[in-house]
Structure formats: C-alpha cells, structure tokens
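Colleague: Provided herewith is a single structure, encoded as structure tokens, for subsequent inquiry.
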DNA sequence: TCACAATTGATATTATATCTCAATAATGAT
DNA sequence: ATCATTATTGAGATATAATATCAATTGTGA
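Protein chains in written order, with the working numbering: chain P, 877 to 1006; chain W, 877 to 1006.
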C-alpha cells in the first residue's frame, strides 16, 4: 500500500493549519467546501487519519465532543472551554514520567496518557453582559 | 421540577452497580432488557443523567468511545485497555493541585481536569502479575 | 502512454446520544 | 383511598461523529 500524494490531502492539511487551534474534522470540511463544493466529508476523515499515520498531525481525542486535530505534534495538554467549546493548549510541562505516581499497575501496561482540563476561557469570562 | 422515584431509575442504578467496572449506557441497557424487554434506551440515558445530578453516580467521559458511569464518586483516574476496550481504575492519588503545574493560565479559569491512561490490561497481556 | 491500485465521491451504515409527544404513573392534597 | 398535577416513560424520530462499501477516478512507476 504505497501512499500517493493527492490534492485533497494537501488541502486538508493546509486547511487544518489555516484554521489553527485544533479544528474538528467537520470544521475542516465546512471550511473546505467553501472553495471546493464537491469535497467529500469522508475524504476529510480519511486524510486526517493518513496525516496522523504519516506523522504530520496529531489527533487529540476530547472526552466530550468530536476529535480535534493539531499540527503541533509535540506532547502537550489541552483545555476545553465549557461555554464556547473551543480547545486551547495548556502552558504546562508534559509529565513524561507520570507513571511514577501510579502506586500499583495491577499488571496494566501503561503506554500513553492524556490530561484534559475544563473551565472557562478568557473571552467567555469577559462576556458576562448578555 | 420535583424529582420522582421510579422503578426505572432504581433498576438503572442497580444494574450499573451489578455490572461494576464502568459500564456504558448501552451496556446497562443491554443488561436491563434481558429481564425487562420493554425497557427503553432513552430512559437509561435520562436516568443516568439524573443519577449524576443527584450525585449517586459519576459520568466518566472517555476520549474515545462512549461515556462510562461509575458508582464510585470519588475523584480518581482511569485507564482504558486498547485491546479489550475495558476501563479500569488507576491506583494513584488524585492531583487536586495540578493547577500549580500550569505556568500561565492566559486568562483561562480551570475548574476540572481528568487524566486518562491507555495501554494493555493484564488479561490481554496474558499474565497475572501485579 | 499504459497498467495497477490507491484514492475519491456518493451513499449507506454504525455508534452514541438527544428530542418529541402522547400515555403512564408518582406524589401531595383532599 | 381518590383525585389532580405533572414528572417520567416508551416509542420513534432526529442529531452528530465516524466508518464502510463500491464504482469511478487519478497518481505513480514501468
């Protein structure tokens, strides 16, 4: 299965980068069809998956809501605003040795972890006057 | 809106406890209809929601897959086996002051956090050591 | 240019969860 | 206990996120 370069994959990656800040597959799709009305939703999902396999992007699975995709591949944590739903990077070191906090693995082999914060973003905190 | 006690809510809670280990709404539903063929799936979801509001159970949102529900209401973290998909409690202290690791909140008001581990459970690894 | 097969677009399907609404039933008042 | 009120249920529809199927298209090396 040799991977081929397609216009669609390039467009998905470009759109992800253009949108910035962790868009979902559907947000990328909605942006894409503005210029390319026949672009297929499944193609967005398929290419996001492939870009993850290639290593160009990272999938960030959210505890609630749709998966989000990130051009920044370094390990870092995320915070989700409970009002507007947007996802932000958290300015905090990645705890690569978090396993040392685990008292007893009970035979479980830990391979990865993720921390997701929730709260209210600066913008939503400022928008009190409804 | 005064809450009423119903047989259905009792059954949902009993079934959750009986199944143990963080069942999903559908797992509870599948178990329930064995004895109560007319039990409605939406009723399971509605009652799980209410039991969360009451405080009898906790919803544990997983980064992938369906929400899971937990009769243990204390704060603790979870690990999901990448092979069998089951969710286990992690034997590790809850980091209530995790906010101290955050360097700059950028105006974000952090209210909650969750850590989800992934890996391979003891059973799927095929050993029994702790 | 050609042949092969990876990829696409269209569509259907699955999984998770919520909503609508008439019928039912839990609760406090009588 | 009976009644009136209304929260709750069951049935079904709908919403959202993601994947599967498959013929047509297209990228790639020969």
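Heads up, the beta-carbon is just placed ideally off N, CA and C, and yes, glycines get one too.
Note that the structure is predicted; figures quoted are calculated from it, not measured.
List, in order along the chain, the chain W residues whose C-beta lies closer than 9 Å to that of residue 1001 of chain P?
Modeller: For this step, residue 1001 of chain P is matched to residue 125 along the first chain. Those within 9 Å of residue 1001 of chain P in chain W are 983, 984 and 985.
Colleague: Given this structure, state the Cα-to-Cα distance separating residue 957 of chain W from residue 940 of chain W, to the nearest angstrom.
Modeller: As a first step, residue 957 of chain W is located in the second chain; it is residue number 81 there, counting from the start. As a first step, residue 940 of chain W is located in the second chain; it is residue number 64 there, counting from the start. Rounded to the nearest angstrom, the two C-alpha atoms are 11 Å apart.
Colleague: Pair every Cβ in the segment 932-950 of chain W with every Cβ in the segment 952-967 of chain P, then say whether three or more of these pairs are closer than 8 Å.
Modeller: These segments do not touch.
Colleague: If we cut at 9 Å on Cβ distances, does residue 960 of chain W have a partner in chain P?
Modeller: Numbered from 1 along the second chain, position 84 holds the residue referred to as residue 960 of chain W. No, no contact with chain P.
Colleague: In whole angstroms, what separates the C-alpha of residue 994 of chain P from that of residue 986 of chain W?
Modeller: As a working note, residue 994 of chain P is residue 118 in the first chain. As a working note, residue 986 of chain W is residue 110 in the second chain. Cα to Cα, the separation comes out at about 6 Å.
Colleague: Taking the continuous beta strand (DSSP E) assigned at residue 990 of chain W, which residues delimit it?
Modeller: Here residue 990 of chain W is taken as the residue at index 114 of the second chain, counted from 1. 985-996 is the span of the beta strand (DSSP E), which, as asked, contains residue 990 of chain W.
Colleague: How would you write the range of the beta strand (DSSP E) that residue 936 of chain W sits in, first residue to last?
Modeller: Start at 1 with the first residue of the second chain, and residue 936 of chain W comes out as number 60. Its beta strand (DSSP E) spans residues 934-936.
Colleague: Consider the Cβ of residue 995 of chain P: report whether some Cβ of chain W lies at a distance smaller than 9 Å.
Modeller: Numbered from its first residue, the first chain carries residue 995 of chain P at position 119. Yes, residue 995 of chain P counts as interfacial toward chain W.
Colleague: In chain P, which residues lie less than 7 Å from residue 978 of chain W when you measure between Cβ atoms?
Modeller: Position 102 of the second chain holds residue 978 of chain W. By Cβ distance, chain P contributes 966, 967 and 968.
Colleague: What residues of chain W sit near residue 899 of chain P, judged by a beta carbon separation below 9 Å?
Modeller: Position 23 of the first chain, counted from the start, is the residue given in the question as residue 899 of chain P. Chain W residues near residue 899 of chain P: none, gap ~17 Å exceeds 9 Å.
Colleague: Sorted by chain position, which residues of the same chain lie with C-beta nearer than 8 Å to residue 879 of chain W's C-beta, five sequence neighbours on each side aside?
Modeller: Residue numbering aside, residue 879 of chain W sits at position 3 when the second chain is read from its first letter. Contacts found: 926 and 930.
Colleague: What does residue 937 of chain P reach in chain W if we use C-beta pairs closer than 7 Å?
Modeller: Numbered from its first residue, the first chain carries residue 937 of chain P at position 61. The contacting residues are 939 and 940.
Colleague: Can you grab the Cα-Cα spacing for the pair residue 967 of chain W / residue 997 of chain P, in whole Å?
Modeller: Position 91 of the second chain, counting from 1, holds the residue named residue 967 of chain W. Position 121 of the first chain, counting from 1, holds the residue named residue 997 of chain P. Going by the C-alpha atoms only, they are around 31 Å apart.
Colleague: Just verifying my parser: in three-state terms, what is the DSSP assignment at residue 980 of chain W?
Modeller: Residue 980 of chain W sits at position 104 when you count from the first residue of the second chain. It is a strand residue.
Colleague: Return the chain-ordered ranges of every alpha helix (DSSP H) run that is complete within the segment 925-966 of chain P and spans a minimum of 4 residues.
Modeller: For the segment 925-966 of chain P, not a single whole alpha helix (DSSP H) run of length 4 or above is found.
Colleague: Note down the Cα distance separating residue 903 of chain W from residue 988 of chain W, rounded to an integer number of angstroms.
Modeller: By one-based count along the second chain, residue 903 of chain W stands at place 27. By one-based count along the second chain, residue 988 of chain W stands at place 112. Those two C-alpha atoms are separated by around 27 Å.
Colleague: Can you have a look at residue 882 of chain P and say buried or exposed, based on whether 16 or more other CB atoms are within 10 angstroms of its CB?
Modeller: In the first chain, the residue the question calls residue 882 of chain P occupies position 6. Exposed, by the Cβ-count rule.
Colleague: Look at the Cβ atom of residue 907 of chain W, then the Cβ atom of residue 913 of chain W, and state whether they are nearer than 9 Å.
Modeller: On the second chain, residue 907 of chain W is found 31 positions in, with the first residue counted as 1. On the second chain, residue 913 of chain W is found 37 positions in, with the first residue counted as 1. Cβ atoms of residue 907 of chain W and residue 913 of chain W: not closer than 9 Å.
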